[in-house]
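Structure record follows, encoded as structure tokens.
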Amino acid sequence: MKKFLCALVVVFLCAGCVFADEVSSNDVKRDKSGNIIDMKSPDGLRIIYIGTFRTEQNASRDKAEDPDDGIFTVFMVKSDKDTPLQLDVRDGFDTRTNKFTWRNSEPWGYIADIETNGTPRDILETFWVRATFWHSLPFKYGERPVIARIGFVINGNELTFKRIRPRTWEEWKKIEGKIIELEENEIEQDFSLEELNAGKP
Numbered sequence: 028m029k030k031f032l033c034a035l036v037v038v039f040l041c042a043g044c045v046f047a048d049e050v051s052s053n054d055v056k057r058d059k060s061g062n063i064i065d066m067k068s069p070d071g072l073r074i075i076y077i078g079t080f081r082t083e084q085n086a087s088r089d090k091a092e093d094p095d096d097g098i099f100t101v102f103m104v105k106s107d108k109d110t111p112l113q114l115d116v117r118d119g120f121d122t123r124t125n126k127f128t129w130r131n132s133e134p135w136g137y138i139a140d141i142e143t144n145g146t147p148r149d150i151l152e153t154f155w156v157r158a159t160f161w162h163s164l165p166f167k168y169g170e171r172p173v174i175a176r177i178g179f180v181i182n183g184n185e186l187t188f189k190r191i192r193p194r195t196w197e198e199w200k201k202i203e204g205k206i207i208e209l210e211e212n213e214i215e216q217d218f219s220l221e222e223l224n225a226g227k228p
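173 is the number that this note's numbering gives to position 146 of the sequence shown; each next residue is one higher, with no gaps.
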């Protein structure tokens, strides 16, 4: 019986080591709500969540009724090899159970500022590329409502975000220049997500 118990302990210890290696090798960072903000996929795709931002408000239009008032979510993506990049998008819900969807009056998906809406676009190895998703979220739901759930798919990697609040248009303008520098390869090294998020409310 003792031999059996010893063998069982060894099996559990080995299984634990394998599981620990598997978890650490995934190279995933999460925020305090458990949302993935930085990951490396098994196929060599690095995905970093930059943030979800409100569109610019225009004082001359009716903020409560304009269907294009919404939010956009920005990721930076880099691959270990030349690869086709494909996006897909999911509905969102705020904490008051208001459902909102990707915008259909204009394109909802961009890769490097090129409209894609799910059409694959080839990206080159080692170069950062911006992936942007747009959702219609009328201002009548609030300028910065808490989003209960919203989803994105990048090359089959499902990313569901919970309990996030859109950042302001002004915050986006503060970091946009750094993102452009990164896209244009003016910054060769990896950027600091903490630096981009400095001053986040």
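The C-beta atom is built at its ideal place from N, Cα and C for all residues, glycine as well. Remember, predicted model here, so these are calculated numbers, not experimental data.
For the candidate residues the options, whose alpha-carbon lies nearest to that of residue i?
i	options	result
Met103	Trp196, Glu133, Tyr137, Gly169	Tyr137
Thr110	Lys205, Pro193, Asn182, Arg194	Asn182
Glu152	Lys108, Thr100, Arg171, Asp54	Lys108
Glu203	Gly78, Ile74, Phe154, Arg171	Gly78
Ile64	Leu72, Ile206, Tyr76	Tyr76
Asp70	Ile207, Ile206, Asn184	Asn184
To which residues of the same chain is residue i closer than 6 Å at the C-beta, ignoring the five residues directly before and after it?
i	result
Thr122	Val173, Ala175
Asn62	Phe188
Thr128	Asp118
Met66	Val55, Ile74
Arg148	Leu112, Ile138
Ignore the nearest five residues each way along the sequence and tell me which others in residue i's own chain have a CB closer than 8 Å to its CB.
i	result
Val156	Met103, Val104, Lys105, Leu112, Ile138, Ala139, Ile150, Glu210
Tyr168	Asp121, Arg123, Asn125, Phe127
Tell me whether the beta-carbon of residue i lies closer than 7 Å to the beta-carbon of residue j.
i	j	result
Ile98	Leu186	no
Lys189	Ser68	no
Gly145	Asp96	no
Trp161	Trp199	no
Arg117	Gly178	yes
Phe80	Arg194	yes
Return the first residue and the last residue of the beta strand (DSSP E) that residue i is part of.
i	result
Leu209	Per DSSP, Leu209 belongs to no beta strand (DSSP E); it is in the alpha helix (DSSP H), 196-210.
Leu186	184-191
Phe99	97-106
Leu112	110-112
Gly78	72-81
Trp161	156-163
Tyr168	That residue, Tyr168, is in no beta strand (DSSP E); it is neither H nor E in DSSP.
Gly136	136-138
Lys67	63-67
Arg130	No beta strand (DSSP E) contains Arg130, which DSSP labels as neither H nor E.
Let's test the definition: count the other Cβ atoms within 10 Å of the Cβ of residue i and tell me whether it reaches 16, buried, or not, exposed.
i	result
Arg88	Since pLDDT at Arg88 reaches only 48, below the 50 mark, its modelled position is unreliable, and the value read off the structure follows with that caveat. Classification of Arg88: exposed, given that the 10 Å Cβ count is below 16.
Arg57	exposed
Thr159	buried
Ile74	buried
Thr100	buried
Pro228	Confidence at Pro228 is low in this model, with a pLDDT of 37, below 50, so its placement is unreliable and the value that follows should be read with caution. Exposed is the call here.
Glu133	exposed
Keeping to the same chain, check which residues put their C-beta closer than 7 Å to that of residue i; ignore five residues upstream and five downstream.
i	result
Val120	A small correction: the amino acid at residue 120 is Phe; Val does not occupy that position in the sequence shown. Within the same chain, Phe120 has close Cβ partners Lys126, Ala175, Arg176.
Glu83	Trp196
Glu170	Arg81
Phe154	Lys105, Asn212
Thr229	The first residue shown for the chain is 28 and the last is 228, placing residue 229 beyond what the model contains.
Ile141	Arg148
Asp48	Residue placement at Asp48 is poorly supported in this model, since its pLDDT is 31, which falls under 50; the coordinates still yield a value, given next. Closer than 7 Å at Cβ, skipping near neighbours: no residue.
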